[in-house]
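Asker: Numbering (the UniProt record's numbering), first residue to last: 1 to 75.
We put the CB at the ideal spot given by N, CA and C, even for glycine.
Please read all numbers here as calculations on a predicted model, not as lab measurements.
So that we are looking at the same thing, I have put the structure below in structure tokens.
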């Protein structure tokens, strides 16, 4: 199973994270984003138990690959 880190957190990547929950080939093990997304990261970590941090390098140590997303406007 390939362990993934997702960057940044936005509406699109939240949908991706939810969609990969049952995937047998890929597992999201960490999510990193910008400092202004800290409260949203904390909420996601509580709901999903996925490691979430603004420290990108720390997230990298947990994963085999990175999924970069365009920074779409999110609410």
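Classify residue 15 as helix, strand or coil using the three-state DSSP reduction.
Answerer: Walking along the chain shown from the start, residue 15 turns up at place 15. Reduced to three states, the DSSP call for residue 15 is helix.
Asker: Quick one: residues in its chain with C-beta nearer than 8 Å to the C-beta of residue 8, no 5 flanking neighbours on either side, listed in chain order?
Answerer: The count along the chain shown starts at 1 and reaches residue 8 at position 8. Result list for residue 8: 32, 33, 34, 37, 69, 71, in chain order.
Asker: For residue 88, which residues does DSSP report across the bridge?
Answerer: The question about residue 88 has no answer here: the residues shown for the chain are numbered 1 through 75.
Asker: Please report the straight-line C-alpha distance between residue 11 and residue 56, rounded to a whole angstrom.
Answerer: Position 11 of the chain shown, counting from 1, holds the residue named residue 11. Position 56 of the chain shown, counting from 1, holds the residue named residue 56. Spanning the two alpha carbons is a distance of roughly 19 Å.
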